[in-house]
Amino acid sequence: MERKGFKRNIAAGAASFGMLLSGVMVAAPTAGAQASTWTMPALRGEVLQNAVDGVKSAAGSAPIRFNIYDAVNNQVVYNYTNWVVCGQSPRANATVKVGAKPQTITMALKRRQAGC
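Sequential numbering of the sequence shown, starting at 219, is according to our numbering.
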């Protein structure tokens, strides 16, 4: 028993994969033109929203991932303007290499009222 449209779906999938592959090959040379490093800004004492914006600005188009946590009560962080950065990794002014995997930026936080 033959499935209706099965051969047509395989052909469409192969054509889509070919277009994707050619798109990757065209985009590959531009990826090498990006900066290979960026400098981590000093975040200690900054409001979390400003710290996140500063890291994104410094990293440019480099892939980054944020790991943010409450250093005192293990609360969920919703409003980025209510928190202050009290610890960071990588350290301030560190040279961060751009790689295929996103760089993880870790920030330990306290409430604005508590300070660091």
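Beta carbons are placed, not taken as given, at the ideal position from N, Cα and C, and that holds for glycine.
- request: Apply the 10 Å Cβ neighbour rule to Ala277 and answer buried if 16 or more other Cβ atoms are within range, or exposed otherwise.
  value: buried
query: Taking Val295 as the reference, which of Ala280, Ile323, Arg329 and Ala310 has the closest Cα?
result: Arg329
Which of helix, strand or coil DSSP assigns to Pro247: Below a pLDDT of 50, predicted positions are generally treated as unreliable, and Pro247, at 42, falls in that range; the measurement from the model is reported next regardless. Reduced to three states, the DSSP call for Pro247 is helix.
- request: Please determine, among Val265, Ala280 and Leu261, the residue with the shortest C-alpha to C-alpha distance to Ala332.
  value: Val265
field: Beta-carbon contacts of Gln321 that lie in its chain and below 6 Å, excluding the five residues immediately before and after
entry: Ile282 and Val314
- prompt: In chain order, what residues of the same chain lie with their CB nearer than 6 Å to the CB of Ala269, ignoring the 5 residues before and after it?
  reply: Leu261 and Val303
query: Any idea what DSSP makes of Lys199, helix, strand or coil?
result: It is not possible to answer for residue 199, since the shown part of the chain is limited to 219 through 334.
field: For Tyr287 and Met325, the rounded distance between their alpha carbons
entry: 7 Å
query: Grouping DSSP H, G and I as helix and E and B as strand, with all else coil, what is Ala326?
result: strand
- prompt: Excluding five sequence neighbours on each side, which residues of the same chain lie with their C-beta closer than 7 Å to the C-beta of Asn300?
  reply: Arg329 and Arg330
message: Quick check on Gln267: buried or exposed, where buried means 16 or more other Cβ atoms within 10 Å of its Cβ?
response: exposed
- request: Classify Gln267 as helix, strand or coil using the three-state DSSP reduction.
  value: helix
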